[in-house]
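In terms of the UniProt record's numbering, the sequence shown opens at residue 1 and continues consecutively. Ideal Cβ positions, reconstructed from N, Cα and C, are used throughout, including at glycine.
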Amino acid sequence: MTEGMKDMKKRMNMIAKRPQTKVITMVLIAAIYLGLVGCTYGNAMIQDESDENIVSTKKEDNLNEAEWKKAYIEYLSSQSYFSEKEEEVGYTFYFQELYLDEDNIPELYCRYYAGGSPFLIYYDKLHESVKEEELGGYIEYIEHEGLFDMRGMLTVGTDVDQIYKFENNNITLIASGYRGFNTENGVTTWENEQVSEEEYMKQLNGVFDTNKKSEMGKEKNIEELIMFIREL
Numbered sequence: 001m002t003e004g005m006k007d008m009k010k011r012m013n014m015i016a017k018r019p020q021t022k023v024i025t026m027v028l029i030a031a032i033y034l035g036l037v038g039c040t041y042g043n044a045m046i047q048d049e050s051d052e053n054i055v056s057t058k059k060e061d062n063l064n065e066a067e068w069k070k071a072y073i074e075y076l077s078s079q080s081y082f083s084e085k086e087e088e089v090g091y092t093f094y095f096q097e098l099y100l101d102e103d104n105i106p107e108l109y110c111r112y113y114a115g116g117s118p119f120l121i122y123y124d125k126l127h128e129s130v131k132e133e134e135l136g137g138y139i140e141y142i143e144h145e146g147l148f149d150m151r152g153m154l155t156v157g158t159d160v161d162q163i164y165k166f167e168n169n170n171i172t173l174i175a176s177g178y179r180g181f182n183t184e185n186g187v188t189t190w191e192n193e194q195v196s197e198e199e200y201m202k203q204l205n206g207v208f209d210t211n212k213k214s215e216m217g218k219e220k221n222i223e224e225l226i227m228f229i230r231e232l
């Protein structure tokens, strides 16, 4: 080692031993430590907030679930309409569930041909929570797409297809057609225009794809339906 290098090393050792150098070193170490602690604490706070949001969301979902179940059960239990009609017509009403919109809250349909069929919809409004529509016929529907075909017999020898759109808790008729068969004067029409059977099916599938239709739920009387709702 040359004399110049020895002298430089000696000077560096002297600087390192000065008090202010030790203070600066300690400050740097403390700053690094506090920075690490701060990051850890910040990450912990973010995780806690995330966990709280998850718990809050689960509580909200459970609350919403409890609300729609309660609304349906109270409605079905309190309505004298069903028991009175059962006595009048002499048979038990049976309900079926279907899932028209994107959520997993079922809509309920009770088939009753003579006087229109109760169609029960749960929705969240201040003045009521179950809405009843009266429709008539047999339902075929496409799950979670808001479309259903109300099928029935208009007169002897004439069937009807009425395509409805279920959106924003409202039911709107969007197309209809009539098929005449087994009669000399049977006429097939779609939207009030006479068409062939082939054209009729083409028009029907244009608004309601019959290949995508879903099965309705199993028929249930009111007691069975209430039990089914509770177990969902």
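Check: How many Å lie between residue 152 and residue 66 at the Cα?
Finding: 35 Å
Next item on the list: Assign residue 227 to buried or exposed, taking buried as 16 or more other Cβ atoms, counted over all protein chains shown, within 10 Å of its Cβ.
Entry: exposed
Checklist line | beta strand (DSSP E) segment containing residue 177, residue limits | finding: 170-180
Check: Looking only at its own chain, which residues have a Cβ that is under 7 Å from the Cβ of residue 187, when we skip the five neighbours before and after it?
Finding: 180 and 194
Notebook entry, point to check: Would residue 210 be called buried (16 or more neighbouring beta carbons within 10 Å of its own) or exposed?
Noted result: exposed
Notebook entry, point to check: What first and last residue would you give for the alpha helix (DSSP H) that runs through residue 219?
Noted result: Here residue 219 belongs to no alpha helix (DSSP H), and DSSP marks it neither H nor E.
Check: Can you tell which of 147, 139 and 176 has the C-alpha that lies nearest to the C-alpha of residue 169?
Finding: 147
Next item on the list: Would you kindly report the start and end of the unbroken beta strand (DSSP E) that includes residue 165?
Entry: 158-167
Item checked: Best match in 105, 78, 93 and 83 for proximity to residue 229 [C-alpha to C-alpha] -> 105
Item checked: Cβ neighbour criterion (16 or more within 10 Å) applied to residue 172 -> exposed
Notebook entry, point to check: Does the Cβ of residue 107 have 16 or more other Cβ atoms within 10 Å, making it buried, or fewer, making it exposed?
Noted result: buried
Next item on the list: Using the Cα positions of residue 164 and residue 90, report the straight-line distance between them to the nearest angstrom.
Entry: 30 Å
Next item on the list: Using beta-carbon positions only, say whether residue 214 and residue 97 come within less than 8 Å of one another.
Entry: no
Check: Between which two residues does the alpha helix (DSSP H) harbouring residue 197 extend?
Finding: 197-207
Checklist line | Close beta carbons around residue 190, own chain, < 6 Å, minus the five adjacent residues each side | finding: 177, 200 and 203
Notebook entry, point to check: How far does the beta strand (DSSP E) with residue 95 in it reach, from first residue to last?
Noted result: 95-98
Note to self: Taking 7 Å as the limit between beta carbons, can you name the residues of its chain near residue 82, skipping five residues before and five after?
What the structure shows: 93 and 222
Checklist line | Residue range of the beta strand (DSSP E) that includes residue 141 | finding: 138-142
Check: Comparing alpha-carbon positions, which option in 95, 122 and 101 lies nearest residue 138?
Finding: 95
Check: How is residue 76 classed by DSSP in three states: helix, strand or coil?
Finding: helix
Notebook entry, point to check: For residue 121, does the three-state DSSP call read helix, strand or coil?
Noted result: strand
Note to self: Tell me the rounded alpha-carbon separation between residue 88 and residue 192.
What the structure shows: 36 Å
Check: Does the Cβ of residue 83 lie closer than 7 Å to at least one heavy atom of the ligand SAH?
Finding: Inclusion of the ligand SAH in the displayed structure is not the case, the ligand content being empty and no account of it being possible.
Note to self: On the DSSP letters alone, give me the boundaries of the beta strand (DSSP E) that residue 107 sits inside.
What the structure shows: 107-110
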